[in-house]
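Here's the structure, in structure tokens; my notes come after.
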Amino acid sequence: PGALNIAPSDAIILFDGTNFSKWKSTVQNQPIKWTLNSDKSMTVKPGSGGIESIDEHGSIQLHLEWKTPTSIKSKGQGRGNSGIFFQRRFEVQILDSYENRTYSNGQAGSIYKQHIPLVNATLPPGKWQTYDIIFIEPQYNELGDEIKAGSFTVFHNGILIQNNVEILGTTEYIGPPKTKMTDFPKKALKIQDHGNLVSYRNIWFRKL
Ligand code: MG
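Residue numbers for the sequence shown follow our numbering, so the first one is 2 and each next one is one higher.
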């Protein structure tokens, strides 16, 4: 085991604050423009696009830490919005949900538009927060049709907020989830640029 802020020995480190070597921009042929900070964190560069892991992933336990900006701009979905997309298509929402009302299945810790978190465990803006997420990937047949749904279990700041919920398909803003694998062949871990200065640090996972 590790300790607070230290990954366990079998973890694969995706981000330790020193560089973006495990990542690339979601915009083709563009370098990552996000900011590397002196406190071993990184911050979204609004408008530059998301970032995604170079390697793809299957079922994993993921740890990450995130922080929303202290300067409050906008409200609802416009306030401290980002998100972590497993296999590039299933979003666990990141949002400044501290005294910030929005649709319940779009708040922090929601499986976006699919599952409302059991409680709102969000800390105030400017505080580092943790997600510990168990992602079990969906199973597909050779035609790319889903034969077994995936699932999420999510701890937010150590509190269980998603208890083995079924992934219904892609987490769409509008419209039903899509379940066909062939529409989404890439399995990278993606972090969203939603136009807000959300910061991240200490990202690691363990293969399951
Ligand atoms: Mg989002």
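Think of the CB as a built atom: it goes at the ideal place given N, C-alpha and C, for glycine as much as any other residue.
Rounded to whole angstroms, the separation of the alpha carbons of S39 and I112 is 31 angstroms. In the DSSP assignment, the residues bridged to W24 are S54. A residue is called buried when at least 16 other Cβ atoms come within 10 angstroms of its Cβ; Q140 does not meet this threshold and is exposed.
A direct Cα-to-Cα measurement between M43 and F16 gives close to 9 angstroms. When C-alpha distances from K208 are compared across D56, I175 and R90, the shortest belongs to D56.
Short note on N82: C-beta closer than 6 angstroms to some heavy atom of ligand 1.
Using a cutoff of 6 angstroms, the CB of Q193 counts as near ligand 1, since one of the ligand's heavy atoms is closer than that.
Nearest neighbour of D146 by Cα position, chosen from W129, F156, F153 and K179, turns out to be K179. In the three-state reduction of the DSSP assignment, S105 falls in the helix class, which pools H, G and I. In the three-state scheme derived from DSSP, where H, G and I count as helix and E and B as strand, G79 is classed as helix. Unbroken beta strand (DSSP E) runs of no fewer than 3 residues, entirely contained in the segment 151 to 196, are found at 152 to 157, 160 to 167 and 189 to 192, following chain order. In the three-state DSSP reduction, T71 falls in the coil class, being neither helix nor strand.
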